[in-house]
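Visitor:
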Amino acid sequence: MSTARLKGFFGENISSDNNEAARLASKKFYLDTYCHKDENLFGSNDTNDAIISEAHDKKYVFPEKCTFYCYDVREIEKKMELNKQYDFILLDPPWWNKSIRRKKMKYIEASYKMMYNEELAKIPVGKLLHSNGIVAVWCTNASSHLNSISNEMFPSWGVTYRAKWYWIKVTQAGDTICNFNLAPGKQPYELLILGSALKEDKMNIPDGKLVVSVPSAVHSHKPPVTEIIKEYLPSEPKCLEIFARYLLPEWTSWGLEILKFQHLSLYQILDESKKKVENDTDNKKRD
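Mapping of the sequence shown onto the numbering used here: position 51 corresponds to residue 1054, and the numbering continues sequentially without gaps.
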């Protein structure tokens, strides 16, 4: 962290109001942008440029070469070809959590649908994953969830455990967002559990890797892992994210909230020519 500070990655003049403006903006964003009608959408942007397009009177940014399915995960076998085509599959499961459920009841329309561990194990990841593929699962610090990945999900998917990585959350000043605590106390990190379809670890995936970043003010907005995983993948990998909340260039994304973080209000348009809203129906489809 000291090296990162010397390189200017962290700020010095930090607001002392606990990011109140960002927190209020995040809350307003969730309440203003949720739309049940966004479900049952699918489509792609097959161009080499990001475009802006409309869906249900809202404007969204679609990155280049992206494909998306806005369906319940239980529909995945009906909507996608299960031909072991993906080199990398990332999951950010809506883990069942009683405390989150209580907190969300007030704003249930802005929450995601939580699932039990046994339901997650039934997702046909093994039928989507290439024979040399890698799986990564975002996990909370709950031991029950971690054990479920190792003992239920990975075996069900035909995946062998490889590594546990840590996403360390820090403030803009470079300090952890809270102290490290004994379980089950709150921790300043989340886990990324990796496994592979191969019985032998020919990719040499390191255990205990640390990824450090300032978390988004918007709840459940995980950092993209493209850069930190690419050295273990083929040169032009086919990547899939399940329970995605945003789109990525050249990725396929599946989830009921895939457009949430694509809302135009979260972006700054640097190229004036991109302000024109694209109306190409080939890039936006609806059942």
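The C-beta atom is built at its ideal place from N, Cα and C for all residues, glycine as well. Being a predicted model, the structure only gives us computed values, none of them experimental.
#1: Based on the DSSP output, what are the partners of Asn-1048 in its beta bridges?
#2: Measuring CB to CB, does Ser-1153 end up less than 7 Å from Tyr-1169?
#3: For Met-1118, which three-state DSSP category applies?
#4: Would you check if the distance between the CB atom of Val-1162 and the CB atom of Ile-1092 is smaller than 7 Å?
#5: Using CA atoms only, rank isn't needed, just tell me which of Phe-1183, Lys-1116, Leu-1194 is closest to Asn-1150.
#6: Would you check if the distance between the CB atom of Leu-1259 and the CB atom of Glu-1042 is smaller than 7 Å?
#7: Along the chain, where does the alpha helix (DSSP H) containing Leu-1243 start, and where does it finish?
#8: What are the start and end residues of each continuous beta strand (DSSP E) run of 3 or more residues lying completely inside the stretch 1114 to 1179, in chain order?
#9: According to DSSP, is Tyr-1063 helix, strand or coil?
#10: Taking Arg-1008 as the reference, which of Ser-1216, Leu-1251, Asn-1120, Pro-1252 has the closest Cα?
#11: Counting along the chain, where does the beta strand (DSSP E) carrying Asn-1199 start and finish?
#12: Counting along the chain, where does the beta strand (DSSP E) carrying Leu-1093 start and finish?
#13: Are there 16 or more other CB atoms within 10 angstroms of the CB of Met-1004, so buried, or fewer, so exposed?
#14: From which residue to which residue does the alpha helix (DSSP H) around Leu-1009 run?
#15: Here's the rule: buried if 16 or more other CB atoms are within 10 angstroms of the residue's CB, otherwise exposed. What is Cys-1181?
#16: Which word fits Ile-1272, buried or exposed, when buried means at least 16 other C-beta atoms lie within 10 angstroms of its C-beta?
#17: So is Ser-1256 buried or exposed if we call it buried at 16+ other beta carbons inside 10 Å?
#18: Let me confirm a value: Tyr-1249 is counted as buried when at least 16 other C-beta atoms fall within 10 Å, else exposed. Which label applies?
#19: Between Phe-1183, His-1222, Asp-1210, which lies nearest to Ile-1232 when the distance is taken from Cα to Cα?
#20: If we require 4 or more residues per run, which alpha helix (DSSP H) segments fall completely within the stretch 1201 to 1228?
#21: Would you kindly check if the distance between the Cβ of Trp-1160 and the Cβ of Gly-1129 is under 7 Å?
#22: Taking a contact to mean a Cβ-Cβ separation below 7 Å, would you say Lys-1205 touches Gln-1088 in this structure?
#23: Evaluate Lys-1263 with the Cβ neighbour count: other Cβ atoms within 10 Å of its Cβ, from every protein chain shown; 16 or more gives buried, anything less gives exposed.
Guide: Short version:
#1: Cys-1069
#2: no
#3: strand
#4: no
#5: Checking every option, the nearest Cα to that of Asn-1150 belongs to Leu-1194.
#6: Glu-1042 sits close to Leu-1259, with the two beta carbons spaced by under 7 Å.
#7: Not the alpha helix (DSSP H): Leu-1243 falls in the beta strand (DSSP E), residues 1242 to 1245.
#8: 1132 to 1142, 1163 to 1172
#9: strand
#10: Ser-1216
#11: Going by the sequence as given, residue 1199 is Ser instead of Asn. Unbroken beta strand (DSSP E) run through Ser-1199: 1192 to 1199.
#12: 1089 to 1094
#13: exposed
#14: 1005 to 1009
#15: exposed
#16: Exposed, since its Cβ has fewer than 16 Cβ neighbours within 10 Å.
#17: buried
#18: buried
#19: Closest in C-alpha terms to Ile-1232, from the list Phe-1183, His-1222, Asp-1210, comes Asp-1210.
#20: none
#21: yes
#22: no
#23: buried
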